[in-house]
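Shown next, in structure tokens, is the structure this report addresses.
2 protein chains.
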Amino acid sequence: MASIQKSRPYAPVLDRLKQAGLRPTRQRIALAKLLCDAGDCHFTAEQLHAKAAAAGVRVSLATIYNTLHQFTHAGLLREIVVSPGSSYFDTNISDHHHFFFEGRGELSDIAGDDVVIASLPQPPSGTTVDRVDVVIRVKNI
Amino acid sequence: MASIQKSRPYAPVLDRLKQAGLRPTRQRIALAKLLCDAGDCHFTAEQLHAKAAAAGVRVSLATIYNTLHQFTHAGLLREIVVSPGSSYFDTNISDHHHFFFEGRGELSDIAGDDVVIASLPQPPSGTTVDRVDVVIRVKNI
DNA sequence: AAATTTGTTTAGAGAAGTTCTAAACTGTTG
DNA sequence: CAACAGTTTAGAACTTCTCTAAACAAATTT
Numbered sequence: 153m154a155s156i157q158k159s160r161p162y163a164p165v166l167d168r169l170k171q172a173g174l175r176p177t178r179q180r181i182a183l184a185k186l187l188c189d190a191g192d193c194h195f196t197a198e199q200l201h202a203k204a205a206a207a208g209v210r211v212s213l214a215t216i217y218n219t220l221h222q223f224t225h226a227g228l229l230r231e232i233v234v235s236p237g238s239s240y241f242d243t244n245i246s247d248h249h250h251f252f253f254e255g256r257g258e259l260s261d262i263a264g265d266d267v268v269i270a271s272l273p274q275p276p277s278g279t280t281v282d283r284v285d286v287v288i289r290v291k292n293i
Numbered sequence: 153m154a155s156i157q158k159s160r161p162y163a164p165v166l167d168r169l170k171q172a173g174l175r176p177t178r179q180r181i182a183l184a185k186l187l188c189d190a191g192d193c194h195f196t197a198e199q200l201h202a203k204a205a206a207a208g209v210r211v212s213l214a215t216i217y218n219t220l221h222q223f224t225h226a227g228l229l230r231e232i233v234v235s236p237g238s239s240y241f242d243t244n245i246s247d248h249h250h251f252f253f254e255g256r257g258e259l260s261d262i263a264g265d266d267v268v269i270a271s272l273p274q275p276p277s278g279t280t281v282d283r284v285d286v287v288i289r290v291k292n293i
């Protein structure tokens, strides 16, 4: 089923890699395509590794980690820490928040508009706000 | 310097352990005292292990982990996940939020009143809200 | 287009944090 | 105080992630 599409380089993906100062290698292009095609979703390094393998893309786990961090640094992904032991990455980089299902260890998006914060404290002097994360932890009834 | 106070069992600590169905063992009493005396603070398992050792309390790391989870489950502590690789525990169990200093990997409390959330989405059907965590990630200017 | 340079990938080792195991121990109960 | 059930412990094991150094590939130079 799943076949590798080496022949269609996806211009926007190439541009984004170039902007980030990253060479468009076979691995990075394949992973970027996988992520683009996936739509908004949350995944761990292991999950992306498995997904890549399933799509016929041979990439080492070390490269998965490198790439996830590079993409995160370049603003193509967002890292979310909600449970001890593993990091999630989010392909949705717009302003938004998350539900976290404690039982299943899964995340789902909350549109930015759906969480209205009326007031926040000033950041401590000498610091600036990088991001405000709201996580609504839910559990099964 | 720091000496062990085996002789003063701290009635409230004993009560809390009893309420949680936990036997008041030497280790649990010592750790509970350390945490009570510390006031509001955030720490990792390793940090508590070091603090216990410094206070002359001999406790294995496995017991630190067991105890932290038991105390968290009993509502005496709160677990906070903000950075991949290690969990923090919080002795402040009142309703409040956190600043997270990305450079130093440290937490500080924000009083519950200082974050006003005007609206939140409904939890997905079949689930209830366990907790809403707001983390303001700040970095040095 | 070959040669050189520089950045990238890889397997496997290594590190860090946490959990597991099974034996020894301790608090509780009868 | 004996017997039971829960607890602690050291160390092994496990999971997630990072490091290393050698092989490799993309870019640059000639």
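Going down the list, the sequences are from chains A and B. The working numbering numbers the first residue of the first sequence as 153 and each following residue consecutively. The working numbering numbers the first residue of the second sequence as 153 and each following residue consecutively. Glycine included, every Cβ here is placed at the ideal spot set by N, Cα and C. Source: prediction; values computed, not measured.
Host beta strand (DSSP E) of residue i (start-end)
i, result
"B:Asn292", "279–292"
"A:Arg256", "Counting along the chain, A:Arg256 falls outside any beta strand (DSSP E), and DSSP gives it neither H nor E."
Any chain B beta carbon closer than 8 Å to residue i
i, result
"A:Asn292", "yes"
"A:Asp285", "yes"
"A:Phe246", "According to the sequence displayed, residue 246 of chain A carries Ser and not Phe. Not closer than 8 Å to any Cβ of chain B, the Cβ of A:Ser246 fails to qualify, so no."
"A:Asp261", "no"
"A:Thr215", "no"
"A:Phe251", "yes"
Which listed residue (the options) has its alpha carbon closest to that of residue i
i, options, result
"A:Gly208", "A:Leu183, A:Thr196, A:Thr219", "A:Leu183"
"B:Thr224", "B:Arg168, B:Pro273, B:Ala205, B:Ser212", "B:Arg168"
"A:Gly278", "B:Lys291, B:Val284, B:Ala172", "B:Lys291"
"A:Asp265", "A:Cys193, A:Glu254, A:Val286", "A:Val286"
"A:His248", "A:Ser212, A:Ser238, A:Arg230, A:Pro164", "A:Arg230"
"A:Thr177", "A:Arg283, A:Val165, A:Ala226", "A:Val165"
"A:Asp261", "A:Gly173, A:Gly191, A:Pro236", "A:Gly191"
"B:Thr215", "B:Ala226, B:His201, B:Leu228, B:Ala163", "B:His201"
"B:Thr243", "B:Leu174, B:Gly173, B:Cys188", "B:Cys188"
"B:Ser238", "B:Gln171, B:Phe195, B:Gln274, B:His250", "B:Phe195"
Segment limits, alpha helix (DSSP H) that includes residue i
i, result
"B:Val267", "Premise fails: B:Val267 is in no alpha helix (DSSP H) and is neither H nor E."
"A:Gln274", "Here A:Gln274 belongs to no alpha helix (DSSP H), and DSSP marks it neither H nor E."
"A:Leu174", "Element bounds for A:Leu174: n/a, residue is neither H nor E."
Neighbour flag for residue i against chain A, beta carbons, 8 Å
i, result
"B:Lys158", "With a pLDDT of 40 at B:Lys158, under the threshold of 50, the predicted position of this residue should be treated as unreliable, and no value is reported."
"B:Leu272", "yes"
"B:Pro276", "yes"
"B:Ser155", "Any reading at B:Ser155 must be qualified, since the residue scores a pLDDT of 40, below 50, and its modelled position is unreliable; the value itself is stated next. Cβ-Cβ to chain A under 8 Å: no for B:Ser155."
"B:Ser212", "no"
"B:Asp192", "no"
"B:Phe195", "no"
"B:Thr243", "no"
"B:Thr219", "no"
"B:Pro161", "Confidence is the limiting factor: at B:Pro161 the pLDDT is only 47, short of 50, which leaves the residue's position unreliable, though a coordinate-based value still follows. Chain A contact via Cβ: absent."
"B:Thr279", "yes"
"B:Leu229", "no"
Contacts of residue i in chain B (Cβ-Cβ under 8 Å)
i, result
"A:Asp282", "Glu254, Arg289, Val290, Lys291"
"A:Phe223", "Within chain B, no residue comes near A:Phe223; the closest Cβ sits about 16 Å away, beyond 8 Å."
Partners in chain A for residue i, counting only beta-carbon separations shorter than 7 Å
i, result
"B:Ser235", "Val233"
Beta-carbon neighbours of residue i, restricted to chain B and to distances below 9 Å
i, result
"A:Val268", "Ile269, Ala270, Ser271, Leu272"
Which runs of the beta strand (DSSP E) at least 3 residues long sit entirely within the segment 191–252 of chain A? Give them in chain order. 230–235, 238–242
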